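Read the structure below first, then the notes.
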Amino acid sequence: MTDAKPLTYKTLNGLSEKQLAEHHDVLYAGYVKKTDEIREKLKTVDLTKANGTYSDLRELKLEEGFAVNGVRLHEGYFAALGGNGGKPQGDLLKMIEHDFGSYEKWEAEFKALGLCARGWVVLAFDWEDMKLHNYICDVHNHGGIWSCSPVLILDVYEHAYFLDYGTKRKDYIDVFMKNVNWKNPETFVQNMRLMEGRKAAGH
């Protein structure tokens, strides 16, 4: 059985303990359990009945993608919180300024996309063009871009904020930005730079 990753905080500035507990302990933990359940059933699924219109194999693999992305996106979201917001530092800030024109332009687009998306906003690094992009994802297994690594993840499903903010999504997005923990994104960029250096050196 896979264990859900624990939260490193109980409350945040503007997000209550009840809101975070319902989101983490019920919704996220549910995706972890369903991932295990689906993968257990895949061990005995009848491959001879595979069919594109309907088959147990097709349905299980579709829902595996939904459940696994539900786990990964939520883990990225919870890891993105627990900080003091503001601007990132070092190479990450330089990359944002280079790829978006300024930190302020990036933040304005990221927050606006939070009002457009039906599920997720993801700041991602694209390994093909070696740039940062903001992407939206309406459903866990729809909208992901191949060859990209998530850097910062915002959950805009109503369950992420409704207990505290009702329909005031804009207020919730502002609170999210005030609680961003840039440590993990900054570490990702540092590791990426190390990988680039090793590749350039022929390692």
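Sequential numbering of the sequence shown, starting at 352, is according to my numbering.
The C-beta atom is built at its ideal place from N, Cα and C for all residues, glycine as well.
Remember, it's a predicted structure, so these values are computed and weren't measured experimentally.
Just the C-alpha distance for D525 and V531, rounded to the nearest angstrom, thanks. 10 Å
So does the stretch 395–414 actually touch the stretch 375–382, counting three or more Cβ pairs closer than 8 Å? no
Own chain, CB closer than 7 Å to K392, minus 5 neighbours either side, in chain order: L411
Distance CB(L371)-CB(T359) smaller than 8 Å: no
N315 vs N420 beta-carbon contact at 8 Å: Only positions 352 to 554 of the chain appear in this structure, which leaves residue 315 out of reach.
At what residues does the beta strand (DSSP E) containing K482 begin and finish? K482 to C488
Residue range of the unbroken alpha helix (DSSP H) whose run includes V526: R520 to K529
Can you find at least 3 beta carbon pairs, one from the stretch 436–454 and one from the stretch 508–524, that sit closer than 8 Å? no
Neighbourhood of G416 by C-beta distance below 8 Å, restricted to the same chain and skipping five residues each side: H491 and N492
Buried or exposed, going by whether 16 or more other CB atoms sit within 10 Å of the CB of M446? buried
Mind checking whether Y508 and G470 have CB atoms under 8 Å apart? yes
Which of the three DSSP states, helix, strand or coil, is assigned to Y360? coil
Provide the residue span of the beta strand (DSSP E) that contains D477, from first to last. W471 to D477
Under 8 Å between C-beta atoms of W478 and C499: yes
Using DSSP with H/G/I as helix, E/B as strand and the rest coil, what is H493? strand
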